[in-house]
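The numbering used here applies: residue 1 is where the sequence shown begins, and numbers increase by one. Glycine residues also receive a C-beta, built at the ideal position from the N, C-alpha and C atoms. Note that this is a predicted model, so its numbers are computed, not measured. For reference, the structure is listed below as structure tokens.
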Amino acid sequence: MTAVSATPTAPCRTYDDLVARVRAGALGPDPRTQRIAVAFTTRQAVRHDGRGTGYRNEVLSLRLAEAVGSCAVEPGELPDSALDDCVGADVAGLLEHPLAAVRVAALDAYLMHVTPHTPDHGAHPVALPAGSSLEKSTARARAVVELLDLSAGGTVLVVGVVNSLLEALRSRGIGYVPCDLKGGVTEWGEPVVADALAAAGDCDALLVSGMTLGNGTFEALREHALRHDKQLVMFAQTGSAILPRFLGHGVSAVCAEPYPFFWLDGGPGVVHRYRSSGAVDRHGSSGVVRQYGSSGGVR
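Take a look at the structure:
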């Protein structure tokens, strides 16, 4: 099926505002008429060659027509019954599901269906070359870090620690504070803090995983960035179609990576970058966004 065409309307200033607009049918077709055909989980364990630490991923994905929406979860936390709840259910009902992962994945699937990652919706594709898991992780990290407008010597709060992202920041002389709810240490033995907001005040910019949508910490970080006029760059497998809706409202740029993710396949891939209005993508093409209104684990 062909994705529904929709022109973004008024700005979505908060996550609750976005959900309310979707429920009201203000951004596309009535969500009560949109049913999930397929629900599935993807589970992964990896240790990149040459790395001293490994990690696990688990992601819930829902398919609506041609679109797939996703939300990462802590491995083992998602009950098997969640898949049964989603299959054949309408989006409106799933937006009220008791599990946050289901609500986020359903919202992501709906918005991916309404506004897929295409240039006419403001997306700028960046190719990821074929290669090993580490090579693709490194390439994605470069695509993400290039969205930061920060000189050497600055400090970034990295929420959802990905060692390839930290390595890319190190190569640019940018300092960082690694943060993850599980704590731990980075590849280089650096302590990982657990309280993002407590650490945000001492940082010049924020680099944040879309997983914050699923664990309920996104809004507080968005509000901090907005209140203190800081860059907030999102890297998103979770909620890749959700986060561009907040450009100009706390979010300055998004590197969106819908399913299938880079770690699933050794072949070439693509991520989609968005910037706030007026910015220029470092790959050379205009990154001006058609504004939507006014403007996990250690890896």
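Nearest to Arg-170 by CA position, among Gly-160, Cys-179, Val-156, Asn-215, is which residue?
Here the closest residue by C-alpha is Val-156.
Taking the alpha-carbon positions, what's the Trp-188 to Gly-28 distance?
In a straight line, the C-alpha of Trp-188 is about 46 Å away from that of Gly-28.
With DSSP collapsed to three states, give me the class of Ser-218.
The sequence given here places Phe at residue 218; Ser does not occur at that position. Phe-218 falls in the helix class under three-state DSSP.
Do you know how far the Cα of Arg-43 is from the Cα of Ala-139?
So the alpha carbons of these two residues sit roughly 22 Å apart.
Determine, using beta carbons only, whether Glu-58 and Pro-31 come nearer to each other than 8 Å.
Contact flag unset, no.
With three or more beta-carbon pairs closer than 8 Å as the criterion, would you say the region 230-242 touches the region 205-218?
Yes: the two stretches touch, three or more of their Cβ pairs being nearer than 8 Å.
Kindly list the residues whose CB is nearer than 7 Å to the CB of Met-1, restricted to its own chain and excluding five residues on each side of it in sequence; keep chain order.
Its pLDDT being 34, under 50, Met-1 is placed unreliably by the model, and the measurement read from it follows with that caveat. Excluding sequence neighbours, Met-1 sits near Ala-65, Glu-66.
Of the residues Gly-153, Val-270, Pro-244, the one placed nearest Val-114, counting alpha carbons only:
Here the closest residue by C-alpha is Pro-244.
Does the region 175-190 come within contact of the region 252-261, defined as at least 3 CB pairs closer than 8 Å?
Cβ pair count under 8 Å is below three, so no.
Would you please state the rounded distance, in angstroms, between the beta carbons of Gly-214 and Val-73? I believe it to be under 8 Å.
Confirmed, about 7 Å.
With H, G and I counted as helix, E and B as strand and the rest as coil, what does DSSP make of Thr-238?
Coil.
Does the ligand HEM have even one heavy atom less than 7 Å from the beta-carbon of Val-104?
Absent from the structure shown: the ligand HEM. Ligands present: none.
Best match in Val-104, Arg-172, Asp-80, Ala-241 for proximity to Leu-147 [C-alpha to C-alpha]:
With distances taken between Cα atoms, Leu-147 lies closest to Arg-172.
Do Leu-60 and Ser-70 have their C-beta atoms within less than 8 Å of each other?
Closer than 8 Å, so yes.
Check His-228 in the structure and name its three-state DSSP category.
In this structure, DSSP gives His-228 a state outside helix and strand, which the three-state scheme calls coil.
Count the other CB atoms, across all protein chains shown, that sit within 10 Å of the CB of Asp-108; report buried if there are 16 or more and exposed otherwise.
So Asp-108 counts as buried.
Consult DSSP for Phe-40 and reduce its assignment to one of helix, strand or coil.
If DSSP states are grouped into helix, strand and coil, Phe-40 belongs with the strands.
If you drop the 5 nearest sequence neighbours on each side, which residues of the same chain put their C-beta closer than 6 Å to that of Leu-18?
Within the same chain, Leu-18 has close Cβ partners Cys-12, Arg-245.
Ordered along the chain, which non-local residues of its own chain (more than five positions away) have a Cβ less than 6 Å from that of Val-193?
These residues qualify, in order along the chain: Cys-179, Ala-199.
What is the residue span of the alpha helix (DSSP H) that Cys-255 lies within?
Note, Cys-255: premise wrong, no alpha helix (DSSP H); beta strand (DSSP E) at 253-256.
Give the DSSP bridge partners of Ser-70, in chain order.
Looking at the DSSP assignment, Ser-70 forms a beta bridge with Ser-61.
Which same chain residues end up closer than 7 Å to Ala-168 when comparing Cβ atoms and leaving out the 5 residues on each side of it in sequence?
Excluding residues within five positions, the ones whose Cβ falls inside 7 Å are Ala-141, Arg-142, Val-145.
Does Val-177 come out as helix, strand or coil in the three-state DSSP assignment?
Three-state DSSP puts Val-177 in a strand.
Between Gln-34 and Gly-88, what straight-line distance do the alpha-carbon atoms span, to the nearest angstrom?
About 9 Å.
Locate the beta strand (DSSP E) running through Tyr-274, then write down its first and last residues.
Run containing Tyr-274: 269-275, per the beta strand (DSSP E) assignment.
Can you tell me where the alpha helix (DSSP H) with Thr-138 in it begins and where it stops?
Residues 133-145.
Where the alpha helix (DSSP H) containing Ser-171 begins and where it ends:
In the DSSP assignment, Ser-171 falls within the alpha helix (DSSP H) that extends over 163-171.
Output the distance between the C-alpha atoms of Gly-93 and Gly-266, rounded to the nearest integer angstrom.
Those two C-alpha atoms are separated by around 37 Å.
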